[in-house]
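Trainee: Pasting a structure below so you can have a look.
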């Protein structure tokens with residue numbers, strides 16, 4: 236449940252040139268690596284960081300920053316092995332916690348799997364599975380619009396952080412909101428809009444999204460301490476419901492790094508991951524793919540609005556990158572309180588940081604800028 240930001244269209248709100256594609260197969264080859272060199276089995280292998288091209292002293296300094304930033308855990312993976320692992324505040328490798336809007340990147344992956352299996356096309360109208368939208372302005376909202384956070388569905392701080400959270404039936408609440416603007420004109424980090432993907436995914440696949448996640452994603456990856464929660468009405472919470480651990484989320488990051496393969500099995504297509512993580516999904520926010528955060532330069536919303544409740548109403552658009560010093564192709568799953576899964580294709584590293592959200596953290600929590608230091612400060616060369 237990361238916070239929300241909105242960016243109004245500067246050039247008339249037109250969709251990007253690739254918006255009409257049914258599938259992402261025509262995307263450029265940049266993006267997740269073709270395959271990770273190693274992937275863990277039931278148990279992780281640990282390795283001396285120096286043996287995989289990482290500076291132990293630099294990692295220790297980054298871990299110190301993580302501890303000072305009220306982290307619960309920090310995990311660094313390279314070559315598919317744990318090169319650094321730290322736990323703080325009474326946690327350990329089996330401590331699972333809510334990861335808030337990291338869930339959205341999981342939901343993106345589930346949508347990609349559903350498209351790969353022929354259950355849906357993201358160019359289709361969401362009203363195919365949400366019949367109450369037919370005959371309303373929301374009838375034209377596509378699944379792609381929802382994944383891009385450019386759907387134009389009604390949003391406000393009170394709606395997303397009070398009414399939605401307190402609703403017994405969160406899907407019914409989200410579906411029942413109206414259309415604030417035509418799709419493609421405004422970018423808003425809209426929890427309620429993402430919750431409508433629960434109805435889309437369940438209708439398209441015929442399966443509860445939480446069960447679909449276990450069958451198609453968590454189970455195959457060995458994410459034994461991970462689950463997607465439900466609201467009081469039994470709806471999977473596709474915007475913020477995942478509970479997980481640092482180690483399990485590192486598996487998720489490695490899947491993205493490896494182009495969607497896991498021990499030789501294609502879990503989600505490489506085409507999907509390129510669409511989700513290597514190309515801005517809308518010109519309204521260069522830093523956003525399909526429910527993943529990107530490091531592309533351009534017009535972006537206030538980055539802190541994704542992680543800090545004190546920033547949820549700041550809709551200032553700026554030009555730049557989320558992390559200016561980091562590689563352009565780095566990408567993240569990010570949740571409230573700086574829950575971070577960082578993937579860097581160039582160095583083949585995955586970094587996971589989890590912590591307990593605080594409205595006004597002192598000192599500031601450890602977020603994407605700090606996680607990126609693993610790549611900018613600790614990588615000394617290729618894997619040995």
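In my numbering, the protein residues as written are 236 to 619. Here a beta-carbon is modelled for each residue, glycine too, at the ideal position from N, C-alpha and C.
1) Closer than 8 Å is the cut-off here; do at least three beta carbon pairs connect the segment 338 to 348 with the segment 475 to 493?
2) Measuring CB atoms only, is the segment 310 to 329 touching the segment 506 to 522, in the sense that at least three cross pairs come out at less than 8 Å?
3) Flag this pair as touching only if the segment 554 to 568 and the segment 577 to 592 have three or more C-beta atom pairs under 8 Å; answer yes or no.
4) Rounded to the nearest angstrom, what separates residue 310 and residue 297 at their Cα positions?
5) In this structure, does DSSP put residue 579 in helix, strand or coil?
6) Quick check: the Cα distance between residue 496 and residue 502, rounded to an integer number of angstroms?
7) Do the segment 391 to 401 and the segment 443 to 460 make contact, defined as three or more Cβ pairs closer than 8 Å?
8) Touching or not, the segment 410 to 422 and the segment 435 to 443, by the rule of three or more beta carbon pairs under 8 Å?
9) For the beta strand (DSSP E) holding residue 337, just list the boundary residues, first then last.
10) Where does residue 259 sit, in a helix, a strand or coil, going by DSSP?
11) Roughly how far, in whole angstroms, is the beta-carbon of residue 357 from the beta-carbon of residue 377, given that I think they are within contact range, below 8 Å?
12) Would you report the Cα separation of residue 572 and residue 601, rounded to the nearest angstrom?
13) Assuming residue 332 contacts residue 478 (C-beta within less than 8 Å), just tell me the rounded distance between them.
14) Specify, as a first and last residue, the run of the beta strand (DSSP E) that residue 307 falls within.
15) What's the call for residue 365, buried or exposed, on a 16-neighbour Cβ count within 10 Å?
16) Excluding the 5 residues flanking residue 294 on each side, which residues of the same chain have their C-beta closer than 6 Å to its C-beta?
17) I'd like to know whether the C-beta atoms of residue 299 and residue 590 end up nearer to each other than 8 Å.
18) How would you label residue 553, buried or exposed, when you count the other beta carbons within 10 angstroms and need 16 or more for buried?
Mentor: Quick answer:
1) yes
2) no
3) yes
4) 11 Å
5) strand
6) 6 Å
7) no
8) No, the segment 410 to 422 is not in contact with the segment 435 to 443.
9) According to the DSSP assignment, residue 337 belongs to no beta strand (DSSP E) but to the alpha helix (DSSP H) extending over 337 to 351.
10) Note on residue 259: pLDDT 41, under 50, position unreliable in the model; the coordinate value appears next. Three-state DSSP puts residue 259 in coil, outside helix and strand.
11) 7 Å
12) 9 Å
13) 6 Å
14) 306 to 313
15) buried
16) 284, 319 and 613
17) no
18) Its Cβ having fewer than 16 others within 10 Å, residue 553 is exposed.
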